[in-house]
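K.L.:
Residue numbers (the working numbering): 20 to 104. Backbone N, C-alpha and C fix where the C-beta goes; we use that ideal spot for every residue, glycine too. A quick note: this is a predicted structure, and the numbers were derived from the prediction, not measured.
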Amino acid sequence: MTTFVFHTDPGHGWLEVSMHEMKAVNLNPYDFSHYSYRQHNVFYLEEDCDAQKFVDAYKKKHGHSPIITEKYAERTFIRSLPPIS
């Protein structure tokens, strides 16, 4: 079972999801807002809407919530990445 990482800093949070994991629940990058970020085939889905969209799709496909661990940083690298779309 895959464990997902929820990255947080003092102001916001993002769920880390690979392209493979995204496609496995029938989603693609165009399903998410420009408030989420991308680094090659890894996506950082913002916490307000996009992360929940992925979690809901995961639950629908697998019948249970994903396992999520949290990683906190005072200054996260995610803010310097390009937007998802």
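#1: Have a look at 39, 48, 81 and flag the residue whose alpha-carbon is nearest the alpha-carbon of residue 69.
#2: Please give me, in chain order, every unbroken run of the beta strand (DSSP E) with length at least 3 that falls completely inside the stretch 48-101.
#3: Could you please give the first and the last residue of the uninterrupted beta strand (DSSP E) stretch that includes residue 26?
#4: Do residue 85 and residue 55 come within 9 Å of each other at the CB atom, strictly closer than that value?
#5: Less than 8 Å between the CB atoms is what I'm expecting for residue 88 and residue 24, so what's the real figure, rounded?
#6: Using beta-carbon positions only, say whether residue 28 and residue 77 come within less than 9 Å of one another.
P.N.:
Put simply:
#1: As a position in the sequence shown, residue 69 is number 50, starting the count at 1. Checked all of 39, 48, 81; the closest Cα to residue 69 is 48.
#2: 56-58, 61-65, 86-91
#3: Position 7 of the sequence shown, counting from 1, holds the residue named residue 26. Segment 22-27, the beta strand (DSSP E) holding residue 26.
#4: Within the sequence shown, residue 55 is the residue found at index 36, counting from 1. Within the sequence shown, residue 85 is the residue found at index 66, counting from 1. Contact: no.
#5: Within the sequence shown, residue 88 is the residue found at index 69, counting from 1. Within the sequence shown, residue 24 is the residue found at index 5, counting from 1. With 8 Å as the limit, residue 88 and residue 24 qualify as a contact, their Cβ atoms being about 6 Å apart.
#6: Along the sequence shown, read from residue 1 onward, the residue named residue 28 stands at position 9. Along the sequence shown, read from residue 1 onward, the residue named residue 77 stands at position 58. Cβ distance not < 9 Å, so residue 28 and residue 77 don't count as in contact.
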